[in-house]
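K.L.:
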Amino acid sequence: MLARHAESLFWTGRYLERAEDTARILDVTYHGLLESPPHEAQQSWLDLLVVLNVEKDFVRRKLPLDASAVSEFLVLDPTAGGAIVSAVGRARENARSVRELVSTEFWEAVNSFYLELQARDLHNDLTQQPYELYGLVKRRCQTVAGVAAETMPRDDGWRFLMLGWMLERAEMTCRLLNVRYSELASVAEVDRFHVLLGVLKSASSSEAFRKVYGASMDPAHLVEFLLLARNIPRSVLYCLRQAEKDLLRLGPADELGPPQRLLGRIRSELEFLDVPELLTDGLHEMLDHIQACVREVANAIAFQYFRNLQVEITPVAFTPAAEPVGPD
Amino acid sequence: MSPARSIFDGYDPQGFFDEVIGPTSLVRAHYREVVERLSLLSPEELSRRERLRDRAFRSAGITFTLYGEGDGIERTFPMDLVPRIIPADEWEHIEAGLIQRVTALNQFLDDLYVGERAAVKDKIVPQWLIVSSPGFERHAFGIPVPRGARCLVAGIDIVRDAAGTYRVLEDNLRNPSGISYVLENRAAMTRVLPTLFGSQHIRSVDHYGASLLSALRHVAPAAAGDPTVVVLTPGVFNSAYFEHAFLARQMGVELVEGPDLVVDEHVVFMRTTRGLERVDVIYRRIDDDFLDPVPFRSDSVLGVPGLLAAARAGNVTIANAIGNGVADDKAVYAYVPDLIRYYLNEEPLLPNVDTYILWDEDQRSMCRERLDELVVKPVSASGGYGMMIGPSASDAEIELFRKRIDANPRGYIAQEVVQLSRHPTLVGDHMEGRHIDLRPFVLSGEQVEVIPGGLTRVALRRDSLVVNSSQGGGSKDTWVLSEAPRAQGEAP
Chain P
949 MLARHAESLF WTGRYLERAE DTARILDVTY HGLLESPPHE AQQSWLDLLV
999 VLNVEKDFVR RKLPLDASAV SEFLVLDPTA GGAIVSAVGR ARENARSVRE
1049 LVSTEFWEAV NSFYLELQAR DLHNDLTQQP YELYGLVKRR CQTVAGVAAE
1099 TMPRDDGWRF LMLGWMLERA EMTCRLLNVR YSELASVAEV DRFHVLLGVL
1149 KSASSSEAFR KVYGASMDPA HLVEFLLLAR NIPRSVLYCL RQAEKDLLRL
1199 GPADELGPPQ RLLGRIRSEL EFLDVPELLT DGLHEMLDHI QACVREVANA
1249 IAFQYFRNLQ VEITPVAFTP AAEPVGPD
Chain W
108 MSPARSIFDG YDPQGFFDEV IGPTSLVRAH YREVVERLSL LSPEELSRRE
158 RLRDRAFRSA GITFTLYGEG DGIERTFPMD LVPRIIPADE WEHIEAGLIQ
208 RVTALNQFLD DLYVGERAAV KDKIVPQWLI VSSPGFERHA FGIPVPRGAR
258 CLVAGIDIVR DAAGTYRVLE DNLRNPSGIS YVLENRAAMT RVLPTLFGSQ
308 HIRSVDHYGA SLLSALRHVA PAAAGDPTVV VLTPGVFNSA YFEHAFLARQ
358 MGVELVEGPD LVVDEHVVFM RTTRGLERVD VIYRRIDDDF LDPVPFRSDS
408 VLGVPGLLAA ARAGNVTIAN AIGNGVADDK AVYAYVPDLI RYYLNEEPLL
458 PNVDTYILWD EDQRSMCRER LDELVVKPVS ASGGYGMMIG PSASDAEIEL
508 FRKRIDANPR GYIAQEVVQL SRHPTLVGDH MEGRHIDLRP FVLSGEQVEV
558 IPGGLTRVAL RRDSLVVNSS QGGGSKDTWV LSEAPRAQGE AP
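Heads up: the sequence lines are chains P and W, in that order.
Anchor point for the first sequence: position 57 equals 1005 in this note's numbering, and the numbering is continuous, going up by one each time.
Anchor point for the second sequence: position 205 equals 312 in this note's numbering, and the numbering is continuous, going up by one each time.
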């Protein structure tokens, strides 16, 4: 397929997932902080901006560090690449440029999502009903994913779409863990339940967690679950395994290219991870490491599939084979 | 037997040549069955079918874009539910005339750009007229097109005058669009009004994609064994993007944009996820000026640097060929009948509209006095832009055009007003006559081939002669009848 089409599909997946996960992280942070004193809340909002890697942009805007300013920034700010509205807009632009490759249903699902966000009074939503807004974003993203799964042929285009989707989710789940784990480890046992539940809910995994770990409130279990569960669609390992499967299908058939090698390396690193050891050695460092590796994989994918030129392209000077002979 | 209230009640041809109602106020033979079947439908039923049609078009995304405000508005191109019907004998005449005309135009262009320029040397067309044409392209000299199929897709606009004579109004030899509507109109008609097709044998149009692909493969460079064909589009923001994508889909080939292509050592490649893949034929829907920033506009980001040199080296075929604009220049149009006589040694089967060339002093002074009766058109514009229709123009407008003609007689032509034929068209709950034209599509591949029918455009505004989509124009499904009666059970 055309490199440009592959790249557009990859980013369609990435931006949709980014919108959804930003909504999830905002949701859990906002509702987790309602009962906190203001100075603690400030620190939490700052942590959030840091893990989303947008704190510099935020500071540059000279906005107050509180729930409404951060939420507005992460939902509405047109200059913040990850802000929900602009992520959905970019997903739509990318989907539009491959309109002929994606199913009509998929395009319509993305387009109507975008149009609905445009039509809503989002300022009002954020002040009155942030829960409703985040719920809407999550539901719409899930609808789009479902429509994609039901209507798209399983060809290379699908694989690039899913690859973007899964790599973004792996990275964002790392971020989600990063933003909440320190709090989880530091709060008193009695408050843990609240925080833990919040994190799990934001990953749509609280019921699944209960089935595996019962009433456990051990932070180690949470890490194990969101990082290493093989059957939970939002766990980092699950996402990387899915991405790896698609990458191997994309080829080249008889050898491992740089993206496959890089992804295989981080995937196996995760598989052989020892959680108690990880928690003593530094979870943050590991989460940062995974994110850096995922970014490296994405770069390798771009190099391998989107900008794969094989030849050096030098501008060709116009040298006519024969001097034009006109009737003048 | 006719129902209590017919949608044809009160229909009046008003003295125009009417496609459906003959001179004795009787329905013409080839329309009898359709009129009968239409009359069986109540106005309410018809408006229900119209809603069905609108839904079908919108959900298929068959839209064109009107620019102006921000995002651009996507509109559907309205198709009238009453089909236009061309009987077999009339079509045979049109088809032969189109094949003749496009054959001569291909020869003329090949003669100009890679030949001896015989038509110029033999003074059939003045040399200065050629070199002063805005569509004349010096960079096209020496660029070969296999089999001389320079007008690979031609759209020849045909009108019918007050006497019912089919005449060529203009040639579109660069990037004629509209074929997607022809195919989609037919698809919509079979779904919305299946009963209308009745027992008549209507020639199908849905082989267009296959015919276009085979024509494109036919003009591939000789060295290409199994040629790779692509459609080159300016991109999603172009108003005809729907058609570009439609054609790529119909042919099963890639729809590429300029940055998807690279030229290396005079060979064109497209950038795929598995590396570079050689391209042999480019069906481009980008104007000459934007094709290649090296010889043409250096600010163009739509084109491919080095593309022209690759074509000149014979490594890729660009269709339609570069420089075709010289042959659809409206002043050169006046010479097309002579070119047919010159190249083919035949009399033109389809006459032109009577046209006056304004650098000829006698013709100009005659036209200057009669501007209020004539149509004046700039030579290089298309789509009805910048023209003046004398009978409906104000004195100031006429005076303005008189000055323009005096200042630049090469830049304009004058034509007699053609009273375009009219066709009953559904307006609310009844029929009214509306002016129509016809754009058949002609493919030059192994042989010159005409897709039966074409795009009938209809001026939806009462009394309007302008059929363009941006100015309230619509379209009609166009049926060419075949002599052979349809076999039992065969689908329409």
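Yeah, the Cβ is synthetic: ideal placement off N, Cα and C, and Gly gets one too.
#1: Can the beta-carbon of A225(W) be found less than 7 Å from the beta-carbon of D218(W)?
#2: Taking S1152(P) and R1182(P) to be in contact with their CB atoms under 8 Å, please state how far apart those CB atoms are, rounded to whole angstroms.
#3: Less than 7 Å separating the beta-carbons of R144(W) and L303(W)?
#4: Under a CB-based cut-off of 7 Å, is V343(W) close to chain P?
#5: Can you have a look at E480(W) and say buried or exposed, based on whether 16 or more other CB atoms are within 10 angstroms of its CB?
#6: Which residues bound the alpha helix (DSSP H) around V142(W)?
#7: Which residues in chain P have a C-beta closer than 7 Å to the C-beta of T379(W)? List them in chain order.
#8: Quick one: what's got a C-beta closer than 8 Å to R517(W)'s C-beta in the same chain, skipping five residues either side?
#9: Would you say A352(W) faces chain P, with C-beta separation under 7 Å as the test?
#10: Out of curiosity, what's the CA-to-CA distance linking Y118(W) and D196(W)?
#11: What are the partner residues of A261(W), as DSSP defines its beta bridges?
#12: For Y1253(P), decide whether its Cβ has a neighbour in chain W, counting only Cβ atoms nearer than 7 Å.
#13: Mind listing the chain P neighbours of D367(W)? Cutoff is C-beta to C-beta under 8 Å, in chain order.
#14: For the region 1042 to 1065 of chain P, list every residue whose C-beta sits within 8 Å of some C-beta in chain W, in sequence order.
#15: Is G1030(P) closer than 7 Å to Q960(P) when the C-beta atoms are compared?
#16: Let me make sure I understand the geometry here. Which of F508(W), I128(W), P190(W) and L507(W) has the alpha-carbon closest to that of N292(W)?
#17: Locate the beta strand (DSSP E) running through H530(W), then write down its first and last residues.
#18: Suppose you measure from the CA of R1215(P) to the CA of V337(W); what does that come to, to the nearest Å?
#19: Kindly indicate which three-state DSSP category Q1316(P) falls into: helix, strand or coil?
#20: Which whole-angstrom value describes the C-beta separation of V573(W) and G580(W), a residue pair presumed to lie in contact below a C-beta threshold of 8 Å?
#21: Against D1194(P), what residues of chain W qualify as contacts under a CB-to-CB distance less than 7 Å, listed in chain order?
#22: Less than 7 Å separating the beta-carbons of A1191(P) and L1115(P)?
#23: By alpha-carbon positions, which one of T585(W), Y449(W) and V460(W) ends up nearest to D229(W)?
#24: When you compare the region 1160 to 1169 of chain P with the region 1132 to 1150 of chain P, are there three or more beta-carbon pairs, one atom per stretch, that lie closer than 8 Å?
#25: Could you compute how far the alpha carbon of T297(W) sits from the alpha carbon of E590(W)?
#26: Tell me which residue opens and which closes the beta strand (DSSP E) that Y390(W) is part of.
#27: Would you list the residues sitting across from K484(W) in a DSSP beta bridge?
#28: In chain order, which continuous runs of the alpha helix (DSSP H) of length 4 or greater are located wholly inside the region 979 to 1019 of chain P?
#29: So which residues of chain W does D1104(P) contact, with C-beta pairs closer than 8 Å?
#30: In three-state terms, what does DSSP make of D278(W)?
#31: Roughly how many whole angstroms lie between the Cα atoms of E1219(P) and P1200(P)?
#32: Helix, strand or coil for W466(W)? Go by DSSP, reduced to three states.
#33: Are the CB atoms of L451(W) and A136(W) nearer to each other than 7 Å?
#34: Tell me whether K228(W) sits in a helix, a strand or coil according to DSSP, three-state version.
#35: Across which residues does DSSP place D371(W) in a beta bridge pair?
#36: The alpha helix (DSSP H) that contains D584(W), what's its start and end?
P.N.:
Taking the geometry as given:
#1: Residue mapping note: residue 225(W) aligns to position 118 of the second sequence, counting from 1. Residue mapping note: residue 218(W) aligns to position 111 of the second sequence, counting from 1. Closer than 7 Å, so yes.
#2: By 1-based counting over the first sequence, the position of residue 1152(P) is 204. By 1-based counting over the first sequence, the position of residue 1182(P) is 234. Right, their Cβ atoms sit about 6 Å apart.
#3: Taking the second sequence and counting its residues from 1, one reaches residue 144(W) at position 37. Taking the second sequence and counting its residues from 1, one reaches residue 303(W) at position 196. Cβ distance < 7 Å, so R144(W) and L303(W) count as in contact.
#4: One-based indexing of the second sequence puts residue 343(W) at position 236. Closer than 7 Å to some Cβ of chain P, the Cβ of V343(W) qualifies, so yes.
#5: Position 373 of the second sequence holds residue 480(W). With fewer than 16 other Cβ atoms within 10 Å, it is exposed.
#6: Residue 142(W) sits at position 35 when you count from the first residue of the second sequence. Its alpha helix (DSSP H) spans residues R139 to S146.
#7: Position 272 of the second sequence, counting from 1, holds the residue named residue 379(W). Simply M949, L950 and A951.
#8: Position 410 of the second sequence, counting from 1, holds the residue named residue 517(W). Cβ within range, chain order: L236, S239, A438, L465, W466 and V486.
#9: By 1-based counting over the second sequence, the position of residue 352(W) is 245. Interface residue, yes.
#10: Against the second sequence, residue 118(W) aligns to sequence position 11. Against the second sequence, residue 196(W) aligns to sequence position 89. Rounded to the nearest angstrom, the two C-alpha atoms are 27 Å apart.
#11: On the second sequence, position 154 is the one that residue 261(W) refers to. Paired residues: V549(W).
#12: The sequence position of residue 1253(P) within the first sequence is 305, counting from 1. Chain W contact via Cβ: present.
#13: By one-based count along the second sequence, residue 367(W) stands at place 260. L950, A951 and R952, listed in chain order.
#14: R1044, S1045, R1047, E1048 and T1052
#15: The sequence position of residue 960(P) within the first sequence is 12, counting from 1. The sequence position of residue 1030(P) within the first sequence is 82, counting from 1. According to the sequence shown, residue 960(P) is Thr rather than Gln. Result no, Cβ atoms of T960(P) and G1030(P) do not sit closer than 7 Å.
#16: For the purposes of this step, residue 292(W) is identified with residue 185 of the second sequence, where counting begins at 1. Per the Cα distances, P190(W).
#17: Start at 1 with the first residue of the second sequence, and residue 530(W) comes out as number 423. Element bounds for H530(W): R529 to V534.
#18: Counting from 1 along the first sequence, the entry for residue 1215(P) is found at position 267. Counting from 1 along the second sequence, the entry for residue 337(W) is found at position 230. About 39 Å.
#19: Shown here, chain P extends from 949 to 1276; a query on residue 1316(P) therefore has no answer.
#20: Residue mapping note: residue 573(W) aligns to position 466 of the second sequence, counting from 1. Residue mapping note: residue 580(W) aligns to position 473 of the second sequence, counting from 1. Between G580(W) and V573(W) the Cβ distance is about 7 Å, and since that is below 8 Å, they are a contact.
#21: As a first step, residue 1194(P) is located in the first sequence; it is residue number 246 there, counting from the start. What D1194(P) touches in chain W: nothing, since even the nearest Cβ is about 12 Å away.
#22: Taking the first sequence and counting its residues from 1, one reaches residue 1191(P) at position 243. Taking the first sequence and counting its residues from 1, one reaches residue 1115(P) at position 167. Going by C-beta atoms, A1191(P) is nearer than 7 Å to L1115(P).
#23: As a working mapping, residue 229(W) is identified with position 122 in the second sequence. Comparing Cα positions, the closest option is Y449(W).
#24: yes
#25: Position 190 of the second sequence holds residue 297(W). Position 483 of the second sequence holds residue 590(W). Roughly 20 Å between the two C-alpha positions.
#26: By 1-based counting over the second sequence, the position of residue 390(W) is 283. Here the beta strand (DSSP E) through Y390(W) covers V388 to R391.
#27: Here residue 484(W) corresponds to residue number 377 of the second sequence, with the count starting at 1. In the DSSP output, where bridge partners are listed per residue, K484(W) has I520(W).
#28: 986 to 999 and 1003 to 1008
#29: Indexing the first sequence from 1 puts residue 1104(P) at position 156. Under the 8 Å cutoff, chain W gives T380.
#30: Indexing the second sequence from 1 puts residue 278(W) at position 171. Correct three-state label for D278(W): strand.
#31: To locate residue 1219(P), count along the first sequence from 1; it is residue 271. To locate residue 1200(P), count along the first sequence from 1; it is residue 252. Cα to Cα, the separation comes out at about 25 Å.
#32: Reading the second sequence from its first residue, position 359 is the one you call residue 466(W). In this structure, W466(W) counts as coil in the three-state DSSP scheme.
#33: Working through the second sequence from its first residue, we reach residue 451(W) at position 344. Working through the second sequence from its first residue, we reach residue 136(W) at position 29. Taking 7 Å as the Cβ cut-off, L451(W) and A136(W) do not qualify as a contacting pair.
#34: Residue 228(W) sits at position 121 when you count from the first residue of the second sequence. Here K228(W) sits in helix by DSSP.
#35: Walking along the second sequence from the start, residue 371(W) turns up at place 264. According to DSSP, which records beta bridges pairwise, D371(W) is partnered with V374(W).
#36: Stepping through the second sequence from its first residue, residue 584(W) is reached at position 477. Element bounds for D584(W): not the alpha helix (DSSP H) but the beta strand (DSSP E), G580 to V587.
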